[in-house]
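This report concerns only the one structure given below.
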Amino acid sequence: MLAKLSFFGAAQNVTGSCYLLENNGTRILIDCGLYQERNYQERNWQPFLFDPRTIDAVFLTHAHLDHCGLLPKLVREGYSGKIYCTPATAEITQIILLDSAKLQEEDARNKAERHRREGRSSPYSDIPLYTTMDAEAVTPHFQPVDYLSCVSISSDLEGCYYEAGHVLGAAVISINIKKDGRNHRVLFSGDIGEPDRPIINDPAIFNEAEYIVIESTYGDRTHEEHKSSDIQKQLRECIIKTVNAGGKIVIPSFALERSQELLYHLNELFLRKEIPPLTVYLDSPMAIRITEVYQRNYDLFDKEMTRRLKQGDSCFRFDNLKMTQSTEESKAINEEKKSSIIIAGSGMVTGGRIKHHIINNITRPESTLLFIGYQAIGTPGRMLLDGVKEIRLLGQYYPVKMNIEQINGFSAHADQDGLLEWLSDIRVPPRCVFVTHGEDKATASFARLLTEKTGWKTVVPQYKDTIELD
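For what it's worth, my numbering labels the leading residue of the sequence shown as 72, then goes sequentially.
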């Protein structure tokens with residue numbers, strides 16, 4: 072037996088990415104993510120399916136919460152080793168975990184107070200999953216690893232980092248196991264991005280791997296309009312229609328990558344004078360801090376973005392962009408009567424300032440709620456996108472009157488065609504491809520299609536499955 076691979080998250084669901092690889096007494100985790108779908112959130116509070124004290128290393132693909140969000144719990148419960156990731160991922164993860172901890176604490180306080188008023192209790196939600204102190208305790212464990220670099224965990228196991236093209240610093244991780252004089256590659260895709268996206272480089276390609284763990288968030292569909300021109304056309308039409316109606320454009324956006332890409336496209340439209348010079352509020356302290364990380368890591372940008380920066384054209388600094396840090400500044404946005412664009416988190420409307428902006432516009436049919444990212448089943452964002460007539464936000468129900476729209480082309484995930492293209496350079500059939508990180512329909516559809524097109528063996532693992540790698 073080469074190794075054992077256990078699927079402790081993102082198995083027949085989208086979030087909670089966590090894989091345990093065991094080889095010759097060495098135990099490593101690839102990712103340790105938060106569950107964000109409502110139906111699975113209880114797992115966040117349950118004990119880990121392994122003893123954190125026995126883990127030798129953590130390899131982190133990138134800084135999205137569904138990949139890194141349980142690291143504070145892991146460290147609190149005894150993990151003492153290193154967390155390997157790219158330098159940009161280390162910077163961004165610290166920001167995201169601190170923000171997550173503050174939201175956990177705030178949400179627990181609010182729910183505890185509401186439950187006291189209503190005379191009920193909850194076994195989990197009245198206490199924070201982890202605290203700011205827990206999040207801060209993660210920082211000393213980060214060990215940055217550059218792209219195209221490897222780290223050895225034992226004499227027969229190393230992890231190597233490659234560009235994933237997903238978000239700044241995101242990596243595909245190759246775990247190389249040496250046995251019987253040969254190198255055996257187990258490839259973890261993390262989240263794979265589309266080629267030719269703004270700002271960051273394209274995903275690295277691979278010629279061989281014995282085992283592949285691949286995401287399938289969009290494994291059952293293609294992005295109909297993923298070119299910059301298509302995105303900007305839809306964005307322009309949405310903005311002009313809403314401005315003509317006298318409303319506001321409210322955009323739930325992930326602080327990492329999505330907010331920065333949105334600013335890129337808005338800047339393009341402003342430069343070409345295709346939309347009026349509206350004030351754009353980036354109302355997310357976390358997105359602001361991450362944008363600063365982007366500006367410090369310009370060496371990770373693609374050629375087009377690098378050229379623009381050399382010409383003095385930064386999408387992070389245009390004149391009508393207002394970055395609002397304080398709560399007072401955020402509240403003041405709602406006093407503004409003129410049309411504006413409001414970008415705030417969280418991207419799935421599960422918390423953060425976006426809830427307040429939606430509440431202030433949800434009964435206004437002239438305003439638009441524009442989704443530019445994936446909305447997991449059970450989240451408020453998914454409910455709104457699916458057309459609910461009434462939604463509960465911050466403990467109260469509101470009728471949904473505002474216009475709801477979505478632009479799919481913003482996705483930082485490769486679609487079905489993109490995933491097949493990424494795998495197309497594999498010359499020797501892998502022993503097995505494990506399809507994870509997608510809803511049931513997406514994983515099953517992509518696994519079936521991949522087998523039909525290539526003849527490769529594919530498996531859709533279930534939660535808690537442990538598979539021996541021969």
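Built from N, CA and C at the ideal position, the CB exists for glycine as well.
Go ahead and label residue i buried or exposed: buried means 16 or more other beta carbons lie within 10 angstroms of its beta carbon, across all protein chains shown.
i, result
"residue 280", "buried"
"residue 468", "exposed"
"residue 358", "buried"
"residue 493", "buried"
"residue 254", "exposed"
"residue 110", "exposed"
"residue 398", "exposed"
"residue 23", "The question about residue 23 has no answer, for the chain in this structure spans 72 to 541."
"residue 369", "exposed"
"residue 457", "exposed"
"residue 143", "buried"
"residue 476", "buried"
"residue 378", "exposed"
"residue 423", "buried"
"residue 344", "exposed"
"residue 426", "buried"
"residue 403", "exposed"
"residue 300", "exposed"
"residue 152", "buried"
"residue 265", "buried"
"residue 463", "exposed"
"residue 234", "buried"
"residue 125", "exposed"
"residue 114", "buried"
"residue 251", "exposed"
CB-CB under 7 Å to residue i, same chain, minus the five flanking residues each way: which ones, in chain order?
i, result
"residue 311", "346"
"residue 302", "296, 336, 478, 480, 481"
"residue 421", "107, 450, 451"
"residue 499", "279"
"residue 166", "357, 360, 361"
"residue 216", "155, 156, 157, 222, 232"
"residue 120", "79, 535"
"residue 460", "470, 471"
If you draw a straight line from the alpha carbon of residue i to that of residue j, how long is it in whole angstroms?
i, j, result
"residue 122", "residue 231", "25 Å"
"residue 77", "residue 539", "9 Å"
"residue 158", "residue 88", "20 Å"
"residue 306", "residue 340", "9 Å"
"residue 511", "residue 91", "21 Å"
"residue 407", "residue 413", "11 Å"
"residue 536", "residue 185", "38 Å"
"residue 487", "residue 84", "17 Å"
"residue 132", "residue 491", "20 Å"
"residue 163", "residue 364", "7 Å"
"residue 99", "residue 509", "23 Å"
"residue 411", "residue 351", "6 Å"
"residue 211", "residue 448", "35 Å"
"residue 395", "residue 354", "5 Å"
"residue 309", "residue 430", "20 Å"
"residue 543", "residue 189", "Nothing about residue 543 can be read from this structure; the chain reaches only from 72 to 541."
Under the DSSP definition of a beta bridge, which residues are partnered with residue i?
i, result
"residue 341", "Beta-bridge pairing links residue 341 to no other residue."
"residue 215", "156"
"residue 288", "Partner(s): none; residue 288 has no beta bridge."
"residue 223", "229"
"residue 503", "282"
"residue 352", "393, 413"
"residue 255", "248"
"residue 606", "Past the edges of the chain, shown from 72 to 541, lies residue 606, and the structure says nothing about it."
"residue 404", "DSSP output for residue 404 lists no bridge partner at all."
"residue 468", "463"
"residue 97", "94"
"residue 171", "Answer is none; residue 171 lacks a bridge partner."
"residue 77", "91, 537"
So, for residue i: in the same chain, excluding its five sequence neighbours on each side, which residues have a beta-carbon less than 6 Å away from its beta-carbon?
i, result
"residue 386", "334, 335, 338"
"residue 473", "432, 433, 435, 438, 440"
"residue 444", "325, 329, 418"
"residue 505", "284, 530, 532"
"residue 534", "82"
"residue 376", "270"
"residue 257", "246, 282"
"residue 94", "74, 228, 248"
"residue 289", "484, 486"
"residue 293", "486, 487, 488"
Whose C-beta lies closer than 8 Å to the C-beta of residue i among residues of the same chain, with five residues either side of it excluded?
i, result
"residue 104", "80, 81, 86, 87, 88, 89, 135, 136, 137, 138, 139, 140, 141"
"residue 526", "500"
Query raised in the report: Does the stretch 315-329 come close enough to the stretch 277-292 that 3 or more CB-CB pairs lie under 8 Å?
Result: The stretch 277-292 is not in contact with the stretch 315-329.
Report task. Would you be able to state if there are at least three C-beta pairs under 8 Å between the stretch 199-215 and the stretch 173-188? Result -> Because the criterion of three Cβ pairs below 8 Å is met, the stretch 173-188 and the stretch 199-215 touch.
Report task. Check whether the stretch 263-272 touches the stretch 511-531, taking contact to mean three or more Cβ pairs, one atom from each stretch, closer than 8 Å. Result -> no
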